[in-house]
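Listed in order, the protein sequences are those of chains H and Z.
Just so you know, the first sequence maps onto residues 1 to 522 in our numbering.
Just so you know, the second sequence maps onto residues 1001 to 1307 in our numbering.
Notes to accompany the following structure.
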Amino acid sequence: MFFNSLTFLVFISIFFVLYFAVKGMPRLVLCLVASYFFYGYWDWRFLTLIVISTCIDFFVGRQLSETKEEPKRKKLLYLSIIANLGFLVFFKYFNFFIGSFKEMLVSSGVQTNMDTLNIILPMGISFYTFQSMSYTIDIYRKKLKPEKDILKFATYISFFPQLVAGPIVRASDFLPQFTMDKKFNWNNIIQGLGQVLWGFFKKVAIADSLALYVDLCFGAPGTYGSLHLTIGVIFWAFQIYCDFSGYSDIAIGLARMMGFEFPGNFRTPYFSKNFSEFWERWHISLSSWLRDYLYIPLGGNRNGSFGSYFFIVLFFGISIVITQWWWLIIPGGFLSGFLYWYKGRGPVQEAKTFTYLNLMVTMLLGGLWHGAAWTYLFWGFLHGSYLIIQRLFSSPFNQLLNAVKIPLAIQNLISMGLVFFATCFAWIFFRATSFEDAFTIINGIASFADFNWSAVLHKLIVIKCAFLVLLLLMVEILAQRVDLPELLLKSPAFRVLSFATILWIIAFFGTFGSNAFIYFQF
Amino acid sequence: MQSEIENTSTNKPLNGNSKSNRWIWIPIFILLVFIGDRIGGFILKKIESKSQFRFTSLYQQKAACDILIAGNSRGLSFYQPFVEEKSKQKVFSLAYNGMSSSLGHVFLKDYYQQYDAPKKLILEITCADRYNNELIPAFSTYSPYSKNLRNYLKEKENKIYYASMLSHLLRYNSEVFQRCLRYLRSDDKLWLTDRTISEAMQEESKSLKDVSIDLIPELQNSLTQSIKLAQDNGTEVILVVAPFLPNYHDALFNLHDYIEEVEKNTGLKVNNYADAIQDPKLFGDYFHINVFGSEKFVEQMHHDGLF
Chain H
1 MFFNSLTFLV FISIFFVLYF AVKGMPRLVL CLVASYFFYG YWDWRFLTLI
51 VISTCIDFFV GRQLSETKEE PKRKKLLYLS IIANLGFLVF FKYFNFFIGS
101 FKEMLVSSGV QTNMDTLNII LPMGISFYTF QSMSYTIDIY RKKLKPEKDI
151 LKFATYISFF PQLVAGPIVR ASDFLPQFTM DKKFNWNNII QGLGQVLWGF
201 FKKVAIADSL ALYVDLCFGA PGTYGSLHLT IGVIFWAFQI YCDFSGYSDI
251 AIGLARMMGF EFPGNFRTPY FSKNFSEFWE RWHISLSSWL RDYLYIPLGG
301 NRNGSFGSYF FIVLFFGISI VITQWWWLII PGGFLSGFLY WYKGRGPVQE
351 AKTFTYLNLM VTMLLGGLWH GAAWTYLFWG FLHGSYLIIQ RLFSSPFNQL
401 LNAVKIPLAI QNLISMGLVF FATCFAWIFF RATSFEDAFT IINGIASFAD
451 FNWSAVLHKL IVIKCAFLVL LLLMVEILAQ RVDLPELLLK SPAFRVLSFA
501 TILWIIAFFG TFGSNAFIYF QF
Chain Z
1001 MQSEIENTST NKPLNGNSKS NRWIWIPIFI LLVFIGDRIG GFILKKIESK
1051 SQFRFTSLYQ QKAACDILIA GNSRGLSFYQ PFVEEKSKQK VFSLAYNGMS
1101 SSLGHVFLKD YYQQYDAPKK LILEITCADR YNNELIPAFS TYSPYSKNLR
1151 NYLKEKENKI YYASMLSHLL RYNSEVFQRC LRYLRSDDKL WLTDRTISEA
1201 MQEESKSLKD VSIDLIPELQ NSLTQSIKLA QDNGTEVILV VAPFLPNYHD
1251 ALFNLHDYIE EVEKNTGLKV NNYADAIQDP KLFGDYFHIN VFGSEKFVEQ
1301 MHHDGLF
């Protein structure tokens, strides 16, 4: 069931009436049944997986709190991680690895009968798996007490507003909120509804309108001129932002209307002045998850671990063997030499080396989390590289800007422009279906052939989309100066007028149809 | 964290927003949305009525002509100023991007209901090979003017029909209305690209093979009905296939079958100009000649005595 469908409108209307009509246990049961109905509406078979995952983590959580012996606790933790990652790897990555391995064998002249399986990827598996894993890891780390009520835990894992595309809410943030009696709260309804409408504006009016142009552009990249492709890539950057943050806004808004407080998932990421800031503003729930459950356990920015080297060697090894890009040995060799040279040159340098290594591993896995394709991995690699380059060169770069006495506002604009440009470059690989297509786009843009307005196709769509993107940016700039949610509460006139305006804009600019959210596939 | 949640969950009274008058804002909101929608719809309709776009002209009694053109975007190949210059007659075009013969038939019916029958109807017949369901709702902009269009919309896009009754703004949420805006100050007779096909696209066209064009039975029926409507009103019907980019034409393996089928069903000869233009520079893309190509094409049609 898509948020942007009539079915969902009927579903949520009935749900809210029932939600505020009952209390206590019946309300909990209602949430769980509604969540399972919402998820099972796509394919009821997916429910089996989520129920198994829920049961395993619930019982592992209970056992972890009752067990004092460390080896046994570790075994329980591994059981949870292996079960969760096992599902994820099987459903999401099995065909990718088998297919890549088969390609490698065939290209080496080895005939094989290996077949990929006809596996349907359950929606949102990456999201609820990470959510579920955070629960057991936090209990293992003694940061969280296990939930005693399986109904509450099952509702936490399957909570329908954020089940299929996040935000990834930690158990420590979510479960305590169940204990509070959530009465009908006018303020929550207003602010939640405001966020839901804003989310729909981003999705239906902007993202889906941009999709019309972007799909054509990435569908046949070889056929368009330089300016057309440049516009296509910029539109794609805003499409994915509006699509994903639109979903997050709807999810957070719906939860708020129900009385739940979820952390924000996006904070105007394209206004970031550096890449660290970008990752503090983009898909915050995933980047903070990766930071807390991957980057820091790897050693973070203090030291390295076996895992740091293991992952980097694994990535290079697999990449070289499967792609047969033997030239990768050269950067791999350079990296190893660099690490060796850096290692043992004092605690600071050593820590930096490991920081770079851990950053790269985290971003590579972050890339792979999005999907089973080399292009996603390369997207992760690019972002890992950006973070490393930033750490290496940000000081001399800032010194240079200061030396030429560029005003701070201009400096900020230059930094934002550079970050946006590099982010768009990486987005090309994220969206393209193959490296060939990605390089066709890059070459097409860099050639500057047909870099003129008359060579741009679908001009009316371009004008409409450009207007909508400008509108978005204006509201986001305004939101940095004015507390809009607070204003919604304080001024009924502002509230009524802003809600109505959003509805009028959606009616006039929206692209209607059952357009799925991009992140559903992850 | 918990204290933050508790704070946000309290039902603290708001400025000018006491419990008694909170609920008043709901009907005010609904009323505002409705009134705003109607005012917006009224303004946009006024704007649309000032456009020089072809479908506005059709419903504003400004479309009387001697030669009527119909078809999809390939029907734009009959560049009106050139046809008028060669034929010395008044020309009007109902061709539109992605227009199927089924939707085209609706506008043709509206034309014949409002105007004297034209002498000739030039019909580009490749409009019977695909549906463009996304285009049907786009024409709800003109639903207030045409019962035929409303019925068609109701039959084909039921949800959009009712939604556009509910929200008048929705009627103007389409590329059709965007075209109305575009032609507020310019004449849409000049609607034909002057772009030359990109080198990348030309290169890509070399790899094309086994491209098909298939006649859809329902669209064939609409085509036949359109022809019958014109003939019943005493209009001479000329069926044409406009030029394709040579590489694309070479890859089209069943165009002749398509033409034969149309000829068999309509009893009329199809004037096939699919490979009439060989210079790629006279094309905007695979399917469309540009304005320079149109000059040559229209001259050739005139030479062949079609008008």
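For glycine and all other residues, C-beta sits at the position ideal for the given N, C-alpha and C.
None of these values were measured; they are calculated from a predicted model.
Residue i versus residue j - alpha carbon distance
i: A1200 (chain Z); j: I445 (chain H); result: 12 Å
i: V169 (chain H); j: F420 (chain H); result: 28 Å
i: G1234 (chain Z); j: K1119 (chain Z); result: 7 Å
i: N1290 (chain Z); j: F512 (chain H); result: 32 Å
i: E1299 (chain Z); j: C217 (chain H); result: 35 Å
i: M1301 (chain Z); j: F1307 (chain Z); result: 7 Å
i: Y293 (chain H); j: I81 (chain H); result: 12 Å
i: I1069 (chain Z); j: F451 (chain H); result: 34 Å
i: S1073 (chain Z); j: H1288 (chain Z); result: 8 Å
i: I389 (chain H); j: A205 (chain H); result: 36 Å
i: V33 (chain H); j: V164 (chain H); result: 16 Å
i: I1238 (chain Z); j: S1101 (chain Z); result: 15 Å
i: L85 (chain H); j: N188 (chain H); result: 36 Å
i: Y1079 (chain Z); j: I1067 (chain Z); result: 12 Å
i: T1008 (chain Z); j: F3 (chain H); result: Only weak support exists for where T1008 (chain Z) lies, its pLDDT of 42 falling under 50; the coordinates are left without a value.
i: Y156 (chain H); j: F174 (chain H); result: 7 Å
i: K1189 (chain Z); j: I463 (chain H); result: 22 Å
i: K1296 (chain Z); j: N1254 (chain Z); result: 26 Å
i: K145 (chain H); j: L151 (chain H); result: 16 Å
i: D1275 (chain Z); j: A1242 (chain Z); result: 8 Å
i: P263 (chain H); j: L227 (chain H); result: 38 Å
i: E1155 (chain Z); j: Y1111 (chain Z); result: 20 Å
i: T1266 (chain Z); j: M1165 (chain Z); result: 38 Å
i: S415 (chain H); j: K490 (chain H); result: 36 Å
Strand pairing of residue i, partner residues [DSSP]
i: I1238 (chain Z); result: Z:I1122
i: I1289 (chain Z); result: Z:F1283
i: A1070 (chain Z); result: Z:L1123
i: S1093 (chain Z); result: Z:I1069
i: N1272 (chain Z); result: Z:V1241
i: L1252 (chain Z); result: Z:V1211
Chain-ordered neighbours of residue i on chain H, where CB pairs are closer than 8 Å
i: E955 (chain Z); result: Here chain Z comprises residues numbered 1001 to 1307, so residue 955 (chain Z) is not present and cannot be evaluated.
i: I1028 (chain Z); result: V496
i: S1198 (chain Z); result: T223, Y224, G225, A449, D450 and A455
i: Q1052 (chain Z); result: Neighbours of Q1052 (chain Z) on chain H: none; closest Cβ ~16 Å, over 8 Å.
i: W1025 (chain Z); result: P492, R495 and V496
Counted within 10 angstroms of its Cβ, other Cβ atoms place residue i as buried (16 or more) or exposed
i: Y1273 (chain Z); result: buried
i: V10 (chain H); result: exposed
i: R1179 (chain Z); result: buried
i: A403 (chain H); result: exposed
i: W236 (chain H); result: buried
i: A1063 (chain Z); result: buried
i: D181 (chain H); result: exposed
i: Y270 (chain H); result: buried
i: F381 (chain H); result: buried
i: H1249 (chain Z); result: buried
i: R1038 (chain Z); result: exposed
Contacts of residue i in chain Z (Cβ-Cβ under 8 Å)
i: G417 (chain H); result: Here the premise fails: no neighbours, minimum Cβ distance about 27 Å.
i: G24 (chain H); result: The contacting residues do not exist; G24 (chain H) stays about 16 Å from chain Z at best.
Cross-chain neighbours of residue i in chain Z, by beta carbon under 9 Å
i: L460 (chain H); result: E1175, Q1178, R1179, L1181 and R1182
Under 7 Å from the C-beta of residue i: neighbouring residues of chain H
i: M1099 (chain Z); result: Residues of chain H passing the Cβ test: none, with the nearest at roughly 16 Å.
i: R1195 (chain Z); result: S454 and A455
Under 9 Å by beta carbon: chain H residues contacting residue i
i: M1201 (chain Z); result: A220, G222, T223, Y224 and G225
- When you check each C-beta in the stretch 1160 to 1174 of chain Z against every C-beta of chain H, which residues fall closer than 7 Å? Against chain H - using a Cβ distance shorter than 7 Å - the residues of the stretch 1160 to 1174 of chain Z are S1167, L1169, L1170, Y1172 and N1173.
- Task: Could you list the residues in the stretch 464 to 479 of chain H with a C-beta less than 9 Å from some C-beta on chain Z, going in chain order?
- Result: Contact annotation: in the stretch 464 to 479 of chain H, residues whose CB is within less than 9 Å of a CB in chain Z are K464.
- With 7 Å as the limit, tell me which residues of the stretch 497 to 512 of chain H have their beta carbon closer than that to any beta carbon of chain Z; keep them in chain order. Using a CB distance below 7 Å, the part of the stretch 497 to 512 of chain H facing chain Z consists of F499, A500, L503, W504, A507, F508, F509 and G510, ordered along the chain.
- Message: At a CB distance below 8 Å, what residues from the stretch 1031 to 1042 of chain Z approach chain H? Give them in sequence order.
- Response: Answer in chain order: L1032, V1033, G1036, D1037 and G1040.
- Closer than 9 Å, Cβ to any Cβ of chain Z: which residues of the stretch 424 to 449 of chain H, in chain order? Those would be T440, G444, S447 and A449, in chain order.
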